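Participant: Submitted below is the structure of interest, expressed as structure tokens.
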Amino acid sequence: MKILKNKIVNAKKNILDVCFAAQEGHIPSSFSVLNILNVLIKKNLIFKKKKYLNNFILSKGHSAIGYYAVLNQYGYISDKDLKKFATFNSKLGGHPKNNSKYHITASTGSLGHGLPIAAGMAFAKKNKKVFVLLGDQECNEGTLWETLLLCSHHKLNNLTIIIDRNYSREEALSLGKLEKKLRIFSKYVFVINGHNEEDIFKILKKKTKHYKIVIAKTIKGYGIKEMENSNEWHHKFPKDINELEIFKNKVYS
């Protein structure tokens, strides 16, 4: 798994390889957050001098392989461990499990649990920046709205909430005008292109008086046309080695 100049393309190829081998993982859901994860790591927001700051919660737990793949590109997870993804006795499961060695602060997967944990971390250490990445369907969980009330009450200006807005299950239960709803809780709600790393970094480093919410508009499966905005591919894998190679040759950043 050679690290190429384009870390995003290489991460996507590695995700295809290990998910195909394990027949596990959520490929499109991971593709949609890769640029966000890349900025968090590359721009030293959750690492400093190669040390994990223990300040990131991947609440969107089913995109765990995306996090592992980007960590691998920066040398924080070995090729050997990445290749064992979702296999028997592997420490890298389909959903992340708390493990300091692999820079996983909390076990997640059940929707709506990550934000309460992140808010508690931000409250406990108000001089430390905390980041949490949610899937947009987590906004249908009551725990999100309860925690926003808490964040507003305690004025947690060290907390950044990032929502992967890929509209993947909008037909099941629409969130409607999400930005308008969130502005009731925070004046600092920003809508950005979740695949534009300059825009992502500009907003993440922006200082605000209270906690900020970043609605990152993304495309589920971004990087492979056949997977983009397709719920069919939510938990599906290339059917054979031939299709795997076709997808790897098509993938873009």
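Read left to right, the sequence shown gives residues -1 to 251 (my numbering). A virtual CB, placed ideally from N, CA and C, is assigned to each residue, including glycine. Given the structure is predicted, the values throughout are model-derived calculations rather than measurements.
Have a look at residue 248 and residue 153 and give me their C-alpha separation to the nearest angstrom.
Facilitator: Residue 248 and residue 153: Cα-Cα distance of roughly 46 Å.
Participant: Roughly how many angstroms separate the alpha carbons of residue 139 and residue 39, rounded to a whole number?
Facilitator: Straight-line Cα distance between these residues: approximately 28 Å.
Participant: Mapping the DSSP letters down to three states, classify residue 130 as helix, strand or coil.
Facilitator: Strand, per DSSP.
Participant: Could you check the C-alpha separation between residue 232 and residue 145 for me, to the nearest Å?
Facilitator: Computed Cα separation, rounded: 28 Å.
Participant: Starting from residue 54, trace the beta strand (DSSP E) in both directions and tell me its first and last residue.
Facilitator: Note, residue 54: beta strand (DSSP E), 54 to 56.
Participant: Helix, strand or coil for residue 212, going by three-state DSSP, please let me know.
Facilitator: Correct three-state label for residue 212: strand.
Participant: Let me check understanding here. Comparing Cα to Cα, which of 50, 56, 44, 37 lies closest to residue 27?
Facilitator: Checking every option, the nearest Cα to that of residue 27 belongs to 56.
Participant: For residue 250, which residues from the same chain have a beta carbon less than 6 Å from its beta carbon, with the 5 sequence-adjacent residues on both sides left out?
Facilitator: The answer, listed in chain order, is 221.
Participant: Is the stretch 80 to 87 in contact with the stretch 39 to 52, if contact means three or more CB pairs nearer than 8 Å?
Facilitator: No, the stretch 80 to 87 is not in contact with the stretch 39 to 52.
Participant: Short of 6 Å in beta carbon distance, which residues of its chain neighbour residue 212, apart from the five on each side in sequence? Order them along the chain.
Facilitator: Cβ within range, chain order: 160, 188, 201.
Participant: For residue 9, which option in 98, 65, 23, 171 has the closest C-alpha, if you only look at C-alpha atoms?
Facilitator: With distances taken between Cα atoms, residue 9 lies closest to 65.
Participant: Could you tell me whether the stretch 5 to 23 touches the stretch 172 to 188, where touching means 3 or more Cβ pairs closer than 8 Å?
Facilitator: Not touching, per the Cβ criterion.
Participant: Only counting runs of 4 or more residues, tell me where the alpha helix (DSSP H) segments fall wholly within the stretch 123 to 180, in order along the chain.
Facilitator: 140 to 152, 176 to 180, all fully within the stretch 123 to 180.
Participant: Which residues in the same chain as residue 184 place their Cβ atom closer than 8 Å to its Cβ, once the five residues preceding and following it in sequence are excluded?
Facilitator: Excluding residues within five positions, the ones whose Cβ falls inside 8 Å are 146, 149, 150, 208, 209, 210, 211.
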